[in-house]
Amino acid sequence: MHDVEARVLDAIDEAETVSLLAETVRVPSVTGTDAESELQHRFARLLDEAGMDVDVWKLDLPGLTARPGFPGTEAPRSEGYGVAAVTPGEGPPALALQGHVDVVPTGDLAKWAGSDPFSARIEGDVLYGRGACDMKAGLVANLAVARAVRRAGVRLARPLAVHCVISEEDGGLGAFATLARGHTAEAAVITEPTSGAVITANAGALTFRLEIAGRAAHGATRYEGVNAVEAFWPVFEAIRRLEAERNRDAHELFGGNPMPYPIEIGVVRAGDWASTVPDLLVAEGRLGVRLDEDPAAARAAFEEAVAEVAHPWLRDNPPAVTWPGGQFASGRLPAGHELLGQVAGAVADVTGARPAESAAPYGSDLRLYAAGGIPTLHYGPGDVRYAHAPREQVDLGELRAVTRALALLVVRRCGAL
1 MHDVEARVLD
11 AIDEAETVSL
21 LAETVRVPSV
31 TGTDAESELQ
41 HRFARLLDEA
51 GMDVDVWKLD
61 LPGLTARPGF
71 PGTEAPRSEG
81 YGVAAVTPGE
91 GPPALALQGH
101 VDVVPTGDLA
111 KWAGSDPFSA
121 RIEGDVLYGR
131 GACDMKAGLV
141 ANLAVARAVR
151 RAGVRLARPL
161 AVHCVISEED
171 GGLGAFATLA
181 RGHTAEAAVI
191 TEPTSGAVIT
201 ANAGALTFRL
211 EIAGRAAHGA
221 TRYEGVNAVE
231 AFWPVFEAIR
241 RLEAERNRDA
251 HELFGGNPMP
261 YPIEIGVVRA
271 GDWASTVPDL
281 LVAEGRLGVR
291 LDEDPAAARA
301 AFEEAVAEVA
311 HPWLRDNPPA
321 VTWPGGQFAS
331 GRLPAGHELL
341 GQVAGAVADV
351 TGARPAESAA
361 PYGSDLRLYA
371 AGGIPTLHYG
381 PGDVRYAHAP
391 REQVDLGELR
401 AVTRALALLV
411 VRRCGAL
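Read left to right, the sequence shown gives residues 1 to 417 (the UniProt record's numbering).
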C-alpha cells in the first residue's frame with residue numbers, strides 16, 4: 001500500500017463516522033418533507049468544512065417537470081435542493097460518490113422496536129432506524145472519505161465529486177436535477193446497500209395505476225350491481241401470469257434471484273360505504289423493467305395483458321391504465337469498464353476477498369447517470385433486504401469496511417500530487 005493510501009486510511013475517524021450516521025438517521029428526511037431539505041443543507045455545510053467547493057441550489061420544479069426525460073415523482077413536494085461538491089482542481093471529476101438523503105415513510109410505528117423509527121438505536125455493532133441501510137450509511141461513508149482526504153493533507157491530482165440528492169425513492173428527481181445543472185464525472189459510485197457485492201446493473205421499475213369500474217347497488221340487492229373487487233380479480237391473475245412470463249430466462253447477472261422483474265400491487269382501494277356494491281377499484285403498483293428493455297415496450301406489454309383479460313364486464317368496461325409516478329428505466333455499467341476492476345481491487349485490499357458482481361431487481365439513480373454518459377455502479381454498506389422495513393438496520397463493521405475501500409478507490413482513481 002502506498003504511503004498516500006495509508007495516510008488517508010489512517011485519517012478515517014471511525015467513531016466520528018458512526019456518530020454522524022446516528023445524527024443523520026435521527027433526521028426524519030422522508031421524501032418530500034421539510035426534513036429532506038434540512039438534511040441537504042446540513043450535508044452542504046459538512047462538505048464545505050471538508051474543504052470542497054459546494055454548489056447548493058433550489059430546484060426549479062416546474063422547469064424540471066417540463067424537461068425531456070423527467071423521471072416522474074410520487075411524493076407531494078413544494079421545494080427541493082441540490083448539493084454537489086468538488087475538490088479543488090482542473091477538469092471534470094475523476095470520480096463522483098453519490099447518495100440520496102431521502103427515506104421512505106415509516107409504516108406502522110407499533111412494529112418498530114421502541115416505536116421510534118428515527119432513534120438510531122445501536123445494539124452491538126448494528127445501528128437500527130429508518131434510512132440506516134437505505135441509504136444514510138452510504139451517504140455518511142461518502143462524507144467520511146472526503147474528510148479523510150482533507151485531514152490527511154492529500155491534494156488530489158484530479159477532482160473528486162460528492163453528490164447528495166433528494167427524491168431517489170420516488171423517481172430520481174434529485175439526480176436528474178444534478179445532471180441537468182451540469183454536474184458530471186468520468187465515473188460514479190452510488191453507495192446504495194450491496195451486501196459486500198458490486199452491483200453493475202439495475203432492473204427498472206415503472207409505477208402504474210389501474211382503475212376497474214363496477215356498478216353500484218345496495219348491498220341487500222347486490223345482484224343488481226357489479227362488484228369492482230370481483231372484476232379486478234381476473235386482472236390480478238393476468239398480471240401474475242405476465243410476471244411469470246417476463247421472469248423466464250433472466251440475465252445471468254441476477255444469479256439465483258428467482259424474480260428479478262417483479263410486478264406487484266402495493267395499494268388497493270375500493271368502495272366508500274359498507275352496504276354498497278363498490279363501483280370503482282383503484283390499484284397501484286410497480287412493473288419491473290428488464291435489462292436493456294425500452295420502458296415503452298414494458299408499458300405496452302402490461303397494457304396488452306390487462307386489455308386481453310377475458311371477462312364479460314371488462315370487455316364493455318375496460319380497465320384504465322395510467323403511469324403516474326416514478327419511471328425507472330434499467331441501467332448498467334458498460335461491459336469491460338475499468339471502474340469495476342478498480343472498485344473490486346480496492347474492496348479486496350480491505351476485506352481480503354474479491355467481491356462478487358451482480359445485478360439488482362430494483363430501479364435506482366444508476367440509470368440516470370448511465371443515460372447521462374457517466375459509467376456508474378453500486379457499492380455500499382447494508383443489506384437491501386432490511387430496506388423499507390421496520391427492522392431496517394446496518395452493520396457498522398460493513399460501514400467501516402466500505403469507507404476504507406472507497407477511500408482507496410478515491411486515491412487510486414483521482415491520484416495525488
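Note that the Cβ used here is the ideal one computed from N, Cα and C, for glycine as well.
Buried versus exposed call for residue i [16 or more other C-beta atoms within 10 Å across all chains shown]
i	result
Tyr261	buried
Leu408	buried
Ser115	exposed
Pro319	buried
Ser78	exposed
Tyr379	buried
Gly82	buried
residue 463	Nothing can be reported for residue 463, as the shown portion of the chain is limited to 1 through 417.
Asp170	buried
Pro117	buried
Ala344	buried
His2	exposed
Gly341	exposed
Glu186	buried
Ser167	buried
Gly336	exposed
Thr33	buried
Trp112	buried
Asp249	exposed
Ala274	exposed
Glu5	buried
Anticipated Cβ contact below 8 angstroms, residue i with residue j, distance rounded
i	j	result
Thr178	Ala94	Not really, about 17 angstroms apart at Cβ, beyond 8 angstroms.
Leu173	Gly80	7 angstroms
Val306	Val235	6 angstroms
Arg299	Leu206	6 angstroms
Gly415	Arg158	6 angstroms
Thr191	Leu333	So it is not a contact: roughly 15 angstroms between Cβ atoms.
Gly266	Glu237	About 18 angstroms; that fails the 8 angstroms criterion.
Pro390	Gly63	The Cβ separation is near 37 angstroms, so there is no contact.
Ala161	His183	7 angstroms
Leu287	Thr17	About 38 angstroms; that fails the 8 angstroms criterion.
residue 429	Pro381	One cannot answer for residue 429 here, as it falls past the ends of the chain, which runs 1 to 417.
Phe232	Pro71	Actually they are not in contact, since the Cβ atoms of Phe232 and Pro71 sit about 28 angstroms apart, beyond 8 angstroms.
Residues sharing a beta bridge with residue i, DSSP
i	result
Arg209	Glu284 and Thr322
Trp57	Gly82
Glu164	Checking the sequence shown, residue 164 turns out to be Cys, not Glu. Paired residues: Val83 and Gly99.
Val189	Leu97 and Leu377
His218	Thr276
Gln393	Tyr128
Val140	BP columns for Val140 are empty, so no partner.
Val267	Glu284
Val198	Glu357
Ile122	Leu127
Gly204	Val289
Leu156	Ala416
Val226	Arg215
Own chain partners of residue i with C-beta closer than 6 angstroms, once the 5 adjacent residues on each side are dropped
i	result
Ala188	Ala96, Gln98, Tyr369, Ile374 and Thr376
Val282	Glu211 and Arg269
Val384	Pro193
Leu20	Val140
Val350	Ala401, Arg404 and Ala405
Leu417	Arg155 and Ala157
Trp313	Val226 and Ala231
Other residues of its chain near residue i: CB distance less than 8 angstroms, five sequence neighbours each side excluded
i	result
Arg7	Ala152, Gly153 and Val154
Asp53	Ala85, Val86, Thr87 and Pro88
Ala301	Leu242 and Arg246
Arg222	Val277
Val289	Ala203, Gly204, Ala205, Leu206, Tyr261, Pro295, Ala298, Phe328, Ala329, Ser330 and Gly363
Ala110	none
Val56	Gln40, His41, Ala44, Tyr81, Gly82 and Val83
Asp48	Val54 and Ala85
Arg121	Ala113, Gly114, Leu127, Tyr128 and Gly129
Same chain only: Cβ atoms within 7 angstroms of residue i, ignoring 5 sequence neighbours per side
i	result
Ala35	Val27, Pro28 and Ser29
Gln393	Val126, Leu127, Tyr128, Ala132, Cys133 and Tyr386
Gly225	Gly214, Arg215, Ala216, Ala217 and Val277
Gly255	Ser358
Pro105	Val30
Pro355	Gly196, Ala197, Val198, Ala344 and Val347
Val410	Leu95, Val145, Val149 and Leu160
Glu264	Gly285 and Arg286
Asn227	Gly214, Val277 and Pro278
beta-carbon residue i near the ligand SAH non-hydrogen atom, thresh 7 angstroms
i	result
Ala197	Looking at this structure, you won't find the ligand SAH or any other ligand, since it has none at all.
Which whole runs of the beta strand (DSSP E) in the segment 295-377 are 3 residues long or more, in chain order? Runs found: 320-322 and 357-360.
My parser needs the alpha helix (DSSP H) runs of 4 or more residues fully inside the segment 18-59; what are they? The qualifying runs are 34-49.
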